[in-house]
Structure formats: structure tokens, C-alpha cells
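Here the sequence shown is numbered in the working numbering, starting from 415 and rising by one per residue. Ideal Cβ placement from N, Cα and C applies to all residues, glycine included. If you're wondering where the values come from, they're calculated on a predicted model, not measured in any experiment. Report on the following structure.
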Amino acid sequence: MLNKPQLFRRLLALCGLLLLCSSVALSQLFQLQLLNGEKYVRRSAEFLTTTSTVSAARGEILDRYGRPLVTNNTGFSLVLIYSSFWDGNDKRFDTLLDLTHRIQTAAVDATAKQNAAKTAAATDTSSDTSADATDSTDTSSDTPTDTAQAVSADTAAIPSINDRLPITQSAPFTYNSASLTELSGYMKDSAKSLGLDAVTAAVDAAKQASETDPKTDENGNTIDQAAQVDATKLVSPTEFINAMRAYMEKNLGMPTDLSLADARTMVGIYYSMRTVGFSNQATYTLADNVPMDLIAYIKEHSADFQGIEIQSEAVRQYDTATAAHLLGTIGSLTSDEWNSDKNGGPYKDKTGYQMSDLIGKSGLESALESYLHSTAGSRTVETDLGGSAIAEQTTATAPKPGDNVITTIDLDLQEVAEKSLAGNLSAYGKGGAAVALDPNTGEVLAMASYPTYDLANYNKNYASIQADSRHPEVNRATSGVYPPGSTFKMVTAIAGLEEGIISGDTYVTCTGTYEYGGQTFRCNNHDTPMTLNVTDALKYSCNSFFYTVGQKLTGEHLEQWTKKFGLGTATGIEVGEATGQAAGPTYREQQRKADPAIREWQGGDDLNAAIGQSDNGFTPLQLANYVSAIVNGGTLYKPTLVKSIKSYDYSSFMKTDESEVLGKIDISDATRELVMQGMSEVTDEGGTAGSVFADYPIKVGGKTGTAEMFENGESFDNGLFIAFAPFDNPQIVICVVGEGAGHGAYVAPIVRDMLDEYFSVGKSDRAASRQAENTLIR
């Protein structure tokens, strides 16, 4: 045991050690704070730690056999660092002008190369194809061609400046976006500093009105009247450009002698910087798809480009010129999407999103955003004031690529559908659509809308797309609502048979007219008077037979049967769709509530509804789906474009889509046999589609239709045709609508082209090829 003197000596030693440590610490603190304090303050100001993003690839989209539809290419972007490029840099505008001129020149060169490639591909294609009527298709931008497919992947290589300002690049300036909400908000926030007096006055008046005369929405919530002011209605594009230019010259040191084109470019860049929150905490991507020669130049002259970082990035690449409406577009997040529930927002509350991110805006890109979206990583780097790295970069957060989508689409069938639509409908000057379904699963095999557009050049061609009176931006397959005409008659036949109003032995004599309620209803679908049963009536599309059924059935009962087949109701498909409407007393009453001048439902409406006219209006997708339910025995499936979703490396399934049943329709075997027989005879010699299918090697069933249309003071007839094959074991149902085509028989060749492709008529090696491709993604 230690005695007291020993303890005392040890205690003294411990105190001495503590005193020594304290002295060292105080000495270092004295040296840091007093002797070298100014030196370290200067050094902290000279070196900066910046956090930048590490991009990740968005998920790929493939067809049902694993063929790429949308993938990614590696590109390079120019990223500006706020602290070293913008803050306190007197030469920032000189540098921006130099870079933008170089990028614009590179874009012109890349476009010229692309056009040359198109010309060369077109020459090669023309030498290998015959000039028959079907293949002589329109080669404009709204028509997919082999040439466009050959060069579409190269489009991603065109350099572009990240300009979010929705105003045209050259004078006379116009707004060039369907949504100007973000710009309007910017104008209101900056109205006083920009001298936009009309906007300031309107906002002040709206705020005052909110206090003196508050308004509420349908849910009782107070409406922010100032938020509803659209500043773009008060300020012209030219006025905004001029106001921004004056502000930037006065407050930011922008040169006053810029050309109008250069001033527009600088305004667009500054606007973009502001909207994405360019700051010490957030970088700004000036340009994408930067060519290697420009990258080399910047690196060779790094002293002239301080604060500019070159980053690799995944650039969306379109591997097909088809399926634009299905695949959809992507674009930068807007302030509305960031802050509100617009387009799936608010994205500020979602994990993995930044204000500078690209998101899906339409089609599958939008519908499957949560799967396709990639989450960028981050890295930190210590730089000097010139932007040069002085410490090794480290990854703080690893980037996470998006998941991959395997669609139900057959790319070959999709290409044939779009090409045949263009070739057969272009002469009518309107539009049309084609939908192919697997009747046993609800999978969409092809979905084409005409006219279409080049997805790879969507932003570049946006103004011309919007100006086209045919509305190529609309997906007519899901959003086009058409009277079904005689393609509806199977509903009337089934309803009449199942309700006991008619049987297979019921005959009606048609003389070409049908008298009811003092009105004469006509049938012009066969040349001579005929006595027909239900099978004959379908074959010859006799109106009088179905007038008789409709009169006895009444619109109330027919309306119920229409809805059983999913007509006039949303199908639930992943992309946007219209619901349409089923004719009957219920819908007519809804119309009358909105407009009391509309007459009540009357007996004559029963007759018109029975032949697919009256208020009936359905999408091509709904029509294909209803016939699918007939041929498969009464199961109404939910149509789908998604077969499965796999992880970014294809190693595991994130989601598998099982067939979803929307409803079961009780149809007796006897009823189905009679209706199927009628559709069989439609394609036989003497049937309304016999001229196209009587000699076809595979037995096809179907129904033609002609629907009267009145649009913008013009009267014309749409042609419709719905077909299925093989007749005894249906594997595919196709619906085609041709606006202004006149008769269903005139669009039947489109169906034949699609069946040729699907059943590989004349292409014996296609089935084996598809099987091999399918193996790649299992």
C-alpha cells in the first residue's frame, strides 16, 4: 500500500502534466488567434468547399422483347460554380458570351451532320424499297420512317444551352410554352425591380380585393387572388426581355452593346439561374451534350474559364422514332411542380429530387416517374478562388440509377402501325389511331396515333407541333373520342339477345327506310331489300335490324349494357385518357343540367344509339377492349402498357403486372356464337370487309363502322374497323379509326398490315427471332 509521501509526489506529477498540456494548448491558441490570425482568415477566404451533384442514369424503357425504346447515352455538361464563377467575377458575362457562341456554333455543326446522315439514310432506304402506294408515306416530321429511326439516336449529341425561359430565341419574340405559370410567378416576384408597373398594379389590386371581397373555392378555401394574376397577359415577351436587359446592365454589369440575340441568350441564362436557385449551395448547368473539342478547349484555357466544371451525365437517347405518345417527354421541374401538387408534386417534399432535376412530363415517363427517376449523388471538393481543385474529391452520397421498364409493346408491330396509318390516312388531311390488344391479358401490343412527332426533337419542334391544326400532340388512341358507328352493333345485338328481345330466329325485312314517330330513319348499307337475322345484320351492317332492336330495348337498357363493356368509362391505362360517354337517358340528363336547351331523351334517340350514333363517344382503346371482352368469353381486362419493372441492373423485379379484371360480363354461349358468326361473315366474300380479308391466309373476324361527324362547320364520315384473329383462338384485337376516311373498309388495310406483321406473314424467321429476344430480359 502506498504511503502519503508517495501519493503526494504522484499528485504533483499529475498536476504538472496537466499544467504542461494547458500551456501547449494556450500557446497554440495564441499562435492561431493573435500571431497568425490574419493569415488563416485570408486562407479561409481563398479556399472554398463546394458540394456538387453526381448524375445518375434515368431508367430505360424497352419493348416486350427487350428491344430498347429509350435508353441513355453518356454526355458532358458545363457546370458553373457560384462562388468562383459568378460571385464577384467582373468577366462573367464575357465568359458566358464566349461559351454560348461556341455552344451555338457546335449545335449548328451537329445539326448539319445529322441532316446529312438523314439524307444518306434516305438515299439508302429508297434504293432498297419499292414505291408502291402503301410504302409511299409522308416523310414529314410527324411521320416515323426508317430514316428517322436511323438517326434518332444521334439527336442527343446536339449541344444545348440550359435555357428555361419560355420565349422564342429570336425576334419577334413570342411565348412558346403551354405553361407560363413559372414565368408569371417570376414576373410578379420581380415586378418592382424590373419596373413592370402593370404587374405591380394588378398584384396590388388583387391583394386588396382579397381583403375587401374575399372569394372561396368549391371546398370553402379562401382563394389567393394575387396568385391567380397571370403576369404574362400583362407583359409582352419583348417587354420582359427589355426589362430584364435593363436590370442586368444596371445591376449585374452586363455589357450595354450586346446584339438583341446575345441579350436574349443572357436573359434566358440569368432567368434559368434564378429559377433553379443558383447559389453557394446549388450549381447551375449551363449546357448539355458538350462536344469533346469544346471540352478540350476549355481545359487547355482553364485560366480563362475559372469556376466552370465539366461533368459527365446520362443523356436521354431515343432508340426508336415511334411510340412518342406512349413513351412521353421529360423536362425540367417547374416552380409549380416543385411547390404544388401539379404533375405529381410537390417534388420539394419527395426524397431524391432537386429543383434542377428532369422529370417525366407525359406518357410512361410521367406515369412511371417514381420508378424511372434516378437520384443524383453528391461530392465535395476544396478549390481556390480560381476554381482549381486543391483537395481530392470525395463522394458524399452515391448516385442511384432509376429502374427499368419493360413494356407490353411489340416494337415491330408499333412501327408497322404508325407507318400504315400515315400511308393510308395522310390523303384525308386529318388524323386517326390504331390500338392492338392481347384479348386474353389486356396487354397493349401497339398503340399508334396519327399524326405523331419526333420525340427526340420535341423541344426544338414544340412551336410547330402546337401550331399544327391536326394536333399531333394528342394521343388519339386514348384521348380521341369518336362515335363508334356500326362497330357498336355487337353491344346492341348482345343486349337484345340476352334480354330476350330477339333470338337467332328473329328476322327483320329492310327496305332501306325505317319509319318511327313520324320520322324516317335510313339504311344505306346494302343495295337491295333484304330479310335478315342477327348474323346477317352484322355481316351487312343493316341499320333497320338494329333500329328494331333499339326501339324495343330502349336507351335505358342499352346504356346499362354499354357500360358493362367498359364503354364511356376510364379503362385505367397508365397514360392519360378520356372517358367518353355512353348514350342514354342518364348522360342526356347530365347534359341538360349544364344546358337546359338540350332536349330530353326521346324514342328516336333509342334508334340512333342502337347503331352507334346519338351521344355515343368512345376512345379507340375502349372499342378494342370491348371487342376483346366478346372474343375472350366475357372478361373485361384493364389495359396495360407495362409488363414488368426491373432494377437498374436487371437483377431483380421491382414490379410485375398481373392481368387485372375490371369486370365479368354474363354472355350465354348461344349469344356469343351468333355474334361471333356475324363478325366472321363481315370478312367473308360479300361482307363489308370482304374485299380486304376474304383471301387472307388466317381467318379474321371483325366489324366495320362509319360514323357521321360535324366539326367546325364541316360534315365528314369517319371510318372504323375492329378485327380479331385467329378467329378460332383470338390472340390479337385491333381497332383502327380514320378521321374522314369515309368507311371502315377504307381503314381495313391498316389492320391487314398489322396482322401481316404480327403473324409474320411472309416472315418465317420472325417468331424464332422474337423468342430469342425475349430470353434476354428474363
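Cβ-based neighbour list, residue i, same chain, cut-off 7 Å, excluding 5 preceding and 5 following
{"i": "Val1165", "result": "Phe1135, Ala1137, Ile1148, Val1150"}
{"i": "Glu1153", "result": "Tyr842, Lys844, Gly845, Gly846, Asn1132"}
{"i": "Met769", "result": "Val690, Gly691, Leu747, Trp752"}
{"i": "Ser716", "result": "none"}
{"i": "Ala984", "result": "Glu991, Thr993"}
Inter-residue CB distance, residue i and residue j (contact presumed, cutoff 8 Å)
{"i": "Ile1059", "j": "Lys1069", "result": "4 Å"}
{"i": "Ala862", "j": "Ala847", "result": "7 Å"}
{"i": "Ser955", "j": "Asn939", "result": "4 Å"}
{"i": "Met662", "j": "Met680", "result": "7 Å"}
{"i": "Asp755", "j": "Leu786", "result": "Actually they do not touch by this definition, with Cβ atoms about 20 Å apart."}
{"i": "Asn1039", "j": "Gly998", "result": "Actually they do not touch by this definition, with Cβ atoms about 20 Å apart."}
{"i": "Ile1025", "j": "Asn1132", "result": "Contact doesn't hold; Cβ gap of about 14 Å is too wide."}
{"i": "Lys903", "j": "Val1096", "result": "Rounded, the Cβ-Cβ distance is 10 Å, inconsistent with contact."}
{"i": "Ile575", "j": "Ile495", "result": "Not quite, the Cβ-Cβ distance comes to about 18 Å (not below 8 Å), so this is no contact."}
Residues near residue i by beta carbon distance below 8 Å, same chain, minus five either side
{"i": "Asn753", "result": "Gly759, Pro760, Lys762"}
{"i": "Pro943", "result": "Thr923, Cys924, Thr925, Gly926"}
{"i": "Ala470", "result": "Ala728, Ser788, Thr789, Ala790, Gly791, Pro813, Lys814, Pro815, Gly816"}
{"i": "Gly931", "result": "Gln1016, Gly1017, Gly1018"}
{"i": "Lys621", "result": "Gln639, Ala640"}
Residue i CB to nearest heavy atom of the ligand ZN below 7 Å
{"i": "Glu1095", "result": "No copy of the ligand ZN occurs in the structure displayed, which carries no ligand at all."}
Straight-line Cα distance separating residue j from residue i
{"i": "Leu747", "j": "Ser591", "result": "14 Å"}
{"i": "Thr559", "j": "Tyr867", "result": "Unreliable placement is indicated for Thr559, whose pLDDT of 46 sits below 50; no coordinate value is reported for it."}
{"i": "Leu648", "j": "Asp631", "result": "25 Å"}
{"i": "Arg424", "j": "Ala790", "result": "59 Å"}
{"i": "Leu426", "j": "Cys435", "result": "14 Å"}
{"i": "Asn487", "j": "Gly473", "result": "12 Å"}
{"i": "Pro1163", "j": "Asp676", "result": "52 Å"}
{"i": "Asn875", "j": "Thr582", "result": "12 Å"}
{"i": "Ala841", "j": "Ser650", "result": "39 Å"}
{"i": "Tyr589", "j": "Pro897", "result": "36 Å"}
{"i": "Thr614", "j": "Val1161", "result": "56 Å"}
{"i": "Thr636", "j": "Ala645", "result": "21 Å"}
{"i": "Ala737", "j": "Pro705", "result": "29 Å"}
{"i": "Leu666", "j": "Leu1055", "result": "50 Å"}
{"i": "Ala619", "j": "Phe654", "result": "21 Å"}
{"i": "Asn1030", "j": "Asn703", "result": "49 Å"}
{"i": "Leu510", "j": "Val858", "result": "48 Å"}
{"i": "Ile683", "j": "Asp477", "result": "38 Å"}
{"i": "Ile908", "j": "Val1041", "result": "12 Å"}
{"i": "Leu778", "j": "Arg730", "result": "14 Å"}
{"i": "Thr906", "j": "Thr1085", "result": "12 Å"}
{"i": "Leu782", "j": "Gly774", "result": "8 Å"}
{"i": "Ser780", "j": "Leu594", "result": "19 Å"}
{"i": "Ala996", "j": "Thr734", "result": "37 Å"}
Cross-strand partners of residue i (DSSP beta bridge)
{"i": "Tyr928", "result": "Phe935"}
{"i": "Gly1152", "result": "Gly846, Gly1133"}
{"i": "Gly1116", "result": "Ala1137"}
{"i": "Leu494", "result": "Tyr698, Ile722"}
{"i": "Lys527", "result": "In the DSSP output, where bridge partners are listed per residue, Lys527 has none listed."}
{"i": "Phe1124", "result": "Ser1129"}
{"i": "Thr485", "result": "Gln731"}
{"i": "Asn838", "result": "In the DSSP output, where bridge partners are listed per residue, Asn838 has none listed."}
{"i": "Gly766", "result": "In the DSSP output, where bridge partners are listed per residue, Gly766 has none listed."}
{"i": "Gly745", "result": "Ile773"}
{"i": "Ser574", "result": "Asp702"}
{"i": "Ile1059", "result": "Val819, Lys1069"}
{"i": "Gln995", "result": "Gly1031"}
Contacting residues, own chain, Cβ-Cβ under 6 Å from residue i (five flanking each side not counted)
{"i": "Leu432", "result": "none"}
{"i": "Lys978", "result": "Ile1079"}
{"i": "Leu608", "result": "Ala657, Tyr661"}
{"i": "Gln725", "result": "Ser491, Val493"}
{"i": "Ser554", "result": "Its pLDDT being 41, under 50, Ser554 is placed unreliably by the model, and the measurement read from it follows with that caveat. Counting only Cβ-Cβ distances below 6 Å, and skipping sequence neighbours, we find nothing."}
{"i": "Val1175", "result": "none"}
Mind the definition here: the segment 1033–1045 touches the segment 964–972 only if three or more C-beta pairs lie below 8 Å; say whether that holds.
Judged by Cβ distances under 8 Å, the segment 1033–1045 makes no contact with the segment 964–972, as fewer than three pairs qualify.
Are the segment 1110–1117 and the segment 1138–1146 touching by the rule of at least three beta carbon pairs closer than 8 Å?
yes
The segment 1078–1094 contacting the segment 1036–1049, beta-carbon criterion three pairs below 8 Å
Verdict: yes, contact present.
Say whether the segment 478–488 touches the segment 820–835, bearing in mind that this needs 3 or more beta-carbon pairs closer than 8 Å, one atom from each stretch.
Of all C-beta pairs linking the segment 478–488 to the segment 820–835, three or more are shorter than 8 Å, placing the two stretches in contact.
Decide yes or no for the touch test of the segment 698–712 against the segment 738–745: beta carbon pairs closer than 8 Å, at least 3 of them.
They do not touch, by the three-pair rule.
Determine contact between the segment 884–895 and the segment 1084–1101, defined as no fewer than three beta-carbon pairs at a distance below 8 Å.
no
Whether or not the segment 1083–1093 and the segment 931–950 are in contact is what I'm after, with contact meaning three or more pairs of Cβ atoms, one per stretch, closer than 8 Å; do they touch?
yes
Flag this pair as touching only if the segment 694–704 and the segment 825–844 have three or more C-beta atom pairs under 8 Å; answer yes or no.
no
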